[in-house]
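Read the structure below first, then the notes.
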Amino acid sequence: MIPTYNCAELLKRTLASVLEQDPGPEDMQIEVIDDRSTKDNPEEVVAALGQGRVKFFRQPQNVGAQTNFTSCISRASGHWVHILHGDDMVRPGYYSRTRRAAEEAPSIGAAFCRYIYMDEDDHWQRFSEVERRTPGILADYLPALTRTNPIMFPAISVKRAVYEKIGGFHPQLAHSADWDMWKRVYLNCPVWYDPEPLALYRVHSASDSSKLMMTGANIADGRASIAVAHSYLPPDLAATLSYDARQHLALAALGSARELLRAGHQRAALAQVTEALKTQTSLTTATDLARLVASTVIYFGKSGIREVHAALRSRRGSARGG
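Below, the structure written as structure tokens:
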């Protein structure tokens, strides 16, 4: 199932990567679900490349990414659902190895693989971390999965029955609806992992995640996802896992701030810093604060100090209210 929005040119590469390993209509449904694209016409791409093999559905109105992902689930007819974004790709062997995993371990409800980050021109940038050295079911994976999101959409397939049991993607999580979903999936079924890099995840400046990073909204959204997960995590682990997740998110924000500074995006860097302060109290130690204030003076001047001070006041107010 391929959700799209204004990415028709890249959709050509996505479809080609799927059709290259198409087992036939008896074994796999291929459908593009478009969220009312305004800048191009993915239906033309489907007609040209699909040759009748690929179905096309256009939403009656723009529904947003998360609802469009949920539409992929509701429109799927197979036992397994692979939501492959219209700008991502799969490598040869993805579907055959996923099928082999499902046959070898019938109890699993999801399977994901190692993946490769690529740029707009399909150039490989880096590989995701190896979660285990050999294919198999992931044990004791909840701490890693709740600390950060190690799974990107093109790398994972989920049983339709699991999706139907736990519900669709959270409509209020703009950046982290997938992370929220994978946590819920893991809590409801065994999950298989394949260390072979069989999926390609595209990172480019036009992506939603890149836009959110410029305002710090990606960190605010991650914080919201952590709060949502706290309600369904095992009660004896929820507090510890949530704290660790907030700490990791805050440190990631500071790392992003450094990268943004090097790239000349000063305001975006400041947004990441202020969101980091809202996220984790451990960052407000004397040493961290001294370094932060020094960096703020150097890069942002008085306006930066005011924003950091406002973030601290906001965090303290939230702590008192909680």
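In this note's numbering, the protein residues as written are -18 to 303. The C-beta atom is built at its ideal place from N, Cα and C for all residues, glycine as well.
- Here Gly5 is exposed: its Cβ has fewer than 16 other Cβ atoms, across all protein chains shown, within 10 Å.
- Between the C-alpha atoms of Ala46 and Pro23 there is a straight-line separation of about 16 Å.
- Counted as a single uninterrupted DSSP element, the alpha helix (DSSP H) harbouring Cys53 occupies residues 46 to 56.
- Contact between the segment 153 to 169 and the segment 98 to 110 is absent: fewer than 3 CB-CB pairs across the two stretches fall below 8 Å.
- Annotation for Ile200: the continuous alpha helix (DSSP H) segment containing it runs 198 to 211.
- Listed as beta-bridge partners of Val71 by DSSP are Ala180.
- DSSP, reduced to helix, strand and coil, places Arg128 within a helical segment of the structure shown.
- Residue pairing for Thr115: DSSP places it in no beta bridge.
- Its chain contains Met(-18), Glu12, Ile14, Phe38 as the residues whose beta carbon lies nearer than 8 Å to that of Arg56, once the 5 sequence neighbours on both sides are disregarded; these appear in chain order.
- Three or more Cβ pairs closer than 8 Å define a contact, and the segment 200 to 213 meets that threshold against the segment 221 to 233.
- Closest in C-alpha terms to Ile200, from the list Leu251, Pro178, Cys170, Asn169, comes Leu251.
- By the 16-neighbour rule on beta-carbons within 10 angstroms, Glu256 is buried.
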